[in-house]
Amino acid sequence: MLGGFGDKRIRVRLFAIADSEPYLAPVEERERAFVGYIRNLIRILEQSPIGRMLVRSAMLHQVSVGLDPLLEPHASFFYPAQNHFDLGYQPDLLQKSEKGVSRYLVSFIGALRRAWHHHGGRGPDVALRPEDFLRLCRFEEADIEAVTHLIAWELRSGGASFLWRHLLSGANGDISVVFERAIESNPKKQFDGEALKAAFNQWFAERERINGCDHFALEMFDMALIQQDAGNRVGISPLRQGMIEGIGMLPNGQNYLLDCPFTSGWYDGLEDEFNRVHLRHIKQDISRLLTPPVARR
C-alpha cells in the first residue's frame, strides 16, 4: 500500500486508509502520523454530501495521496499520469488545531476536485492551445474555490463551522461573503447551483487570483514543452465544445455551469505584463516545434 516516491516520499491509496478498509500500519512514525491526518480529513468530509462523494470517487479510481515537504500546507498538487496528489507539510502541533485541519481540508478538497475532473475527462490538458489551456485552468481554480465553499457550508449546516470561519477570514473571504449572501437571499440557491455560480464568478473579481493562476499554468506549459516527445504534442488542440461547461459537473449529476455563455471579458484577458510576455514566448516555441527543419544541401 505504501511505496517509495522519490527519497522517502509517502504514497498511500485513499481506499486503504478509509475506516472500513484494513490498513497495514506503516513502519515510520512520520507515515503513521500522516495516515492519521488523512483519515481525520475523510471523517470530516463524510459529514458533507458533496465532500463524501468526491472522496468515494477518488477511492473508486484508486487515487493515492502523499506528502511533499516543499508544498505549502494549504496547497496540493495532482499528478494525472500517476493518479496521485501530494499535500504540503505542516508541524504535528498545527495538525491538531482547527487552523491546521482547515488548511489541510482546503488543499485536500482541491486535490479531490482535480482528480474528479481528470477522471471525467474535464481537466486542463497541455495538448490544448495555450490560450485555451489558460482559460480552462482559470475555470478549474474558480470551480475548486466554489465547491470548497459549498462543502464548508454543508459542514457548517451540520454543526462544524471551523472550515467556514477559516474561509471567511482568509484571502478569498470576498467569495465567502458572496456565497453566503446568495443563500441568504434564497435558501434554495444552495441546492440549485446559483450560490456555486455566484462564488465561481466572484473568483474572477480579483486580478491577483487570475494572474497567479495564469503564472502557474504557464510554468506547467513550459514543463510540458520541455518533456514533449513525438507521440505527445503540446499546444495544438482546440477547445472542444462543452469542455468549459463540463468544469461545473458535480458528483451528484448536477452541472451548475450548464448553459452559461462565458462570452464577456470578465473571464478572459491577460493583464499581467510578465504573463503576456511568457505566453508570447510559449507560442513562439510551439510554432518552431511545429515547423519541420529545413534540410541542408
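Going by our numbering, the sequence shown opens with residue 6, and the numbers climb by one from there.
Yeah, the Cβ is synthetic: ideal placement off N, Cα and C, and Gly gets one too.
Since this is a predicted model, take the numbers as computed values, not measurements.
Assigned secondary structure, residue i (DSSP; H/G/I helix, E/B strand, else coil)
| i | result |
| --- | --- |
| Ser81 | strand |
| Glu90 | According to the sequence provided, residue 90 is Phe. The question's Glu does not apply to it. Here Phe90 sits in strand by DSSP. |
| Val17 | strand |
| Ser102 | coil |
| Ser174 | coil |
| Gly71 | strand |
| Ser190 | helix |
Residues near residue i by beta carbon distance below 7 Å, same chain, minus five either side
| i | result |
| --- | --- |
| Phe267 | Ile249 |
| Phe144 | Ile249, Ile252 |
| Arg161 | Trp169 |
| Leu263 | Glu250, Gly253 |
Own chain partners of residue i with C-beta closer than 6 Å, once the 5 adjacent residues on each side are dropped
| i | result |
| --- | --- |
| Asp219 | Leu139, Asn280 |
| Asn88 | Val68 |
| Ile287 | Pro135, Phe226 |
Same chain only: Cβ atoms within 8 Å of residue i, ignoring 5 sequence neighbours per side
| i | result |
| --- | --- |
| Ile55 | Val152, Leu155, Ile156, Glu159, Leu255, Pro256, Asn257 |
CB of residue i within 7 Å of CB of residue j, strictly
| i | j | result |
| --- | --- | --- |
| Leu72 | Ile114 | no |
| Leu75 | Val60 | no |
| Ser102 | Ala80 | no |
| Glu150 | Ile188 | no |
Heavy atom of the ligand SAH within 6 Å of residue i beta-carbon
| i | result |
| --- | --- |
| Glu250 | The ligand SAH is not part of the structure shown, which contains no ligands of any sort. |
Rounded straight-line distance, which links the Cα of residue j to that of residue i
| i | j | result |
| --- | --- | --- |
| Leu46 | Gln289 | 44 Å |
| Arg48 | Asp148 | 23 Å |
| Gly2 | Leu65 | Since the first residue shown for the chain is 6 and the last is 302, residue 2 is missing from the structure and cannot be characterised. |
| Leu295 | Asp130 | 18 Å |
| Pro78 | Leu110 | 10 Å |
| Val40 | Arg293 | 47 Å |
Min CB distance residue i to chain B below 7 Å
| i | result |
| --- | --- |
| Glu224 | Reference to chain B is not applicable here, since this structure consists of a single protein chain. |
Checklist line | At least 3 beta-carbon pairs within less than 8 Å: the stretch 196 to 204 vs the stretch 77 to 97 | finding: When C-beta atoms of the stretch 196 to 204 are compared with those of the stretch 77 to 97, fewer than three pairs fall below 8 Å, so the two segments do not count as touching.
Note to self: So, does the stretch 211 to 231 touch the stretch 103 to 122, judging by three or more C-beta pairs under 8 Å?
What the structure shows: Inter-segment contact for the stretch 211 to 231 and the stretch 103 to 122 is absent: fewer than three beta-carbon pairs are separated by less than 8 Å.
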